[in-house]
Amino acid sequence: MSKNNKLNRSIWILAIAIASGILVFYKFHGTSSSDKAKLPEKTALAVEGLQPKMQEWPVRLVMNGSISSWQEAQVSAEIGGLRIKEVLVDVGSEVKRGQDLVLLADETVLADLHKQEATVARDEASLAEAKSNADRARDIKESGALSTQQINQYLIAEETAKANLALSQAELENQRIRLRQTHVTAADDGIISSRTANLGNVVAAGSELFRLIRQGRIEWRGEVNSQQLAMIRKGQKVELVLPDNRHISGVVRITAPTVDANTRNSLVYVDLDKHAAQPGMYAQGSIEIGSKQALSVPQSALVLRDGRSYLYELDLSSNTHGNQVFRVIQRSVTTGRRLGDLVEIVEGIRAESTFVASGGAFLNDGDWVTLVSSDGGAR
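In my numbering, the protein residues as written are 4 to 382.
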């Protein structure tokens with residue numbers, strides 16, 4: 004190849020390179036300085052977008068309180084000085100009204116009973132004799148065979164014998180009652196909640212042996228202020244969350260007729276199903292008192308930092324190149340009610356805005372993200 008041809012070829016190659024460089028320069032440097040600033044070299048995250056939803060949500064009144072027995076009956080010994088011979092039930096036992104719970108040693112009571120039965124028999128015989136004498140005295144009263152004083156003595160002896168018999172019969176009934184009292188029985192149907200009776204103990208009259216949850220009924224007693232109290236009605240359904248995260252339901256039975264002068268709170272009594280929970284538990288309850296619209300987002304969209312809640316909004320105006328790259332704006336929001344995995348946003352956002360659906364914990368204000376859900380709609 005001649006020297007001129009080589010020179011011409013080199014000139015053409017150089018010209019093509021210069022033209023290509025000019026095209027690249029205008030392509031990448033022909034935009035304004037503000038556009039160059041908006042074009043990131045790399046996005047922080049690939050995200051999906053969502054829009055808040057406006058929905059009708061129930062309005063719930065939230066309260067705290069403890070679960071208690073509806074009524075607790077105390078079972079005590081009615082007779083003293085006797086030894087516990089047998090304990091028939093324990094804590095947790097379900098019992099029926101009149102069922103034997105404790106048997107007391109009854110030897111001395113039986114001996115007193117037999118002694119009194121003998122006394123009654125003696126007084127009955129005495130009355131029979133006195134009545135016979137009084138009848139004879141009445142028969143011969145008009146004949147003058149007996150003086151008025153003697154007749155009166157026979158009649159008085161008859162009345163005295165009747166009184167003695169009545170007294171001994173009353174004492175016999177008392178001994179029979181004492182014998183029945185050696186059987187300590189349940190005052191009502193229910194569940195034994197505590198026991199102090201132990202085999203061999205000598206009981207005193209009136210000493211507590213058991214406590215009984217009457218009819219096995221339990222209730223939740225929620226604390227409310229005066230304003231909340233006015234919203235609660237008998238028959239309303241209450242949802243309770245127990246310490247183990249179990250959910251149970253109950254029905255408002257009654258509200259307290261007074262407000263505590265110190266706390267300015269009152270109590271709501273809520274009937275619960277038997278065996279639904281154990282008395283003494285502390286639980287949170289809620290009552291649905293109406294409905295109200297809520298602007299909500301999924302819990303996954305919220306980011307909690309320094310005790311405040313944030314959402315990351317997609318700055319739609321930052322997308323100037325027709326791709327799916329957006330700058331995010333950190334929005335501080337105020338949250339309200341919760342329903343499932345949805346959270347109400349009370350203030351801080353507009354309903355028509357689009358937000359990062361999840362992964363906000365990895366973002367900062369001003370980061371660039373790639374939107375992988377092209378419609379930008381709510382999930």
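We put the beta carbon where it would ideally sit given N, CA and C, even for glycine.
Contact set for Ser197: own chain, Cβ-Cβ below 6 Å, skip 5 residues either direction:
For the purposes of this step, residue 197 is identified with residue 194 of the sequence shown, where counting begins at 1. If we look at Ser197 and ignore the five residues flanking it on each side, its Cβ neighbours are Arg214.
State the DSSP-derived secondary structure class of Ile180, mapped to helix, strand or coil.
Within the sequence shown, residue 180 is the residue found at index 177, counting from 1. Of the three classes helix, strand and coil, the one that applies to Ile180 here is helix, per DSSP.
Can you find at least 3 beta carbon pairs, one from the region 285-293 and one from the region 323-340, that sit closer than 8 Å?
no
Check whether the region 116-129 touches the region 204-222, counting contact only when three or more Cβ pairs, one atom from each stretch, lie closer than 8 Å.
no
If you measure between the beta carbons of Val375 and Val331, is that distance less than 7 Å?
Here residue 375 refers to the residue found at position 372 when the sequence shown is read from its first residue. Here residue 331 refers to the residue found at position 328 when the sequence shown is read from its first residue. No; because the gap between Cβ atoms is not below 7 Å, this pair is not in contact.
I'd like to know whether the C-beta atoms of Tyr313 and Leu366 end up nearer to each other than 7 Å.
Translated into positions along the sequence shown, residue 313 becomes position 310. Translated into positions along the sequence shown, residue 366 becomes position 363. No; because the gap between Cβ atoms is not below 7 Å, this pair is not in contact.
Exposed or buried, which one is Gly68 when buried takes at least 16 other CB atoms within 10 Å?
The residue given as residue 68 occupies position 65 in the sequence shown. Under this definition Gly68 is a buried residue.
Using the beta-carbon count (16 or more within 10 Å), is Tyr157 buried or exposed?
The residue given as residue 157 occupies position 154 in the sequence shown. Answer is buried; the Cβ neighbour count reaches 16.
Hey, out of Lys277, Ser150, Ser229, whose CA is closest to Asn265's CA?
Residue mapping note: residue 265 aligns to position 262 of the sequence shown, counting from 1. Measuring from the Cα of Asn265, the nearest candidate turns out to be Ser229.
Which residue marks the beginning of the alpha helix (DSSP H) containing His117, and which one marks its end?
Translated into the one-based positions of the sequence shown, residue 117 becomes position 114. Per DSSP, His117 belongs to the alpha helix (DSSP H) from 110-142.
Less than 7 Å between the beta carbons of Ser303 and Glu347, yes or no?
As a first step, residue 303 is located in the sequence shown; it is residue number 300 there, counting from the start. As a first step, residue 347 is located in the sequence shown; it is residue number 344 there, counting from the start. Contact flag unset, no.
State the Cα-Cα distance for the pair Val273 and Val50, rounded to the nearest angstrom.
In the sequence shown, counting from the first residue as 1, residue 273 sits at position 270. In the sequence shown, counting from the first residue as 1, residue 50 sits at position 47. The straight-line gap from Cα to Cα measures roughly 47 Å.
contact_flag[the region 228-248, the region 202-210] where n(CB pairs < 8 Å) is 3 or more:
no
Have a look at the DSSP bridge pairing and note the partners of Thr373.
Position 370 of the sequence shown holds residue 373. Paired residues: Ala49, Val328.
Check whether the Cβ atoms of Val105 and Ile87 sit closer than 7 Å, and answer yes or no.
By 1-based counting over the sequence shown, the position of residue 105 is 102. By 1-based counting over the sequence shown, the position of residue 87 is 84. Their beta carbons are under 7 Å apart, which means Val105 touches Ile87 by this criterion.
Nearest-angstrom Cα separation, counted from Ile257 out to Gly52:
For this step, residue 52 is matched to residue 49 along the sequence shown. For this step, residue 257 is matched to residue 254 along the sequence shown. Taking the straight line joining both Cα atoms gives about 48 Å.
Run the CB neighbour count on Glu176, radius 10 Å, all protein chains shown included, and call it buried at 16 or more, exposed below.
If you number the sequence shown from 1, residue 176 lands on position 173. Exposed, by the Cβ-count rule.
Thr199: buried (16+ other C-beta within 10 angstroms of its C-beta) or exposed?
Indexing the sequence shown from 1 puts residue 199 at position 196. The residue in question, Thr199, is exposed, as its Cβ has fewer than 16 Cβ neighbours within 10 Å.
Looking at the secondary structure, which residues open and close the beta strand (DSSP E) in which Gln58 lies?
By 1-based counting over the sequence shown, the position of residue 58 is 55. Per DSSP, Gln58 belongs to the beta strand (DSSP E) from 56-72.
Would you call the region 178-191 and the region 95-104 touching, i.e. three or more CB-CB distances under 8 Å?
yes
Would you please state the rounded distance, in angstroms, between the beta carbons of Leu182 and Val112? I believe it to be under 8 Å.
Within the sequence shown, the letter at position 179 stands for residue 182. Within the sequence shown, the letter at position 109 stands for residue 112. Contact flag correct, Cβ pair sits at about 5 Å.
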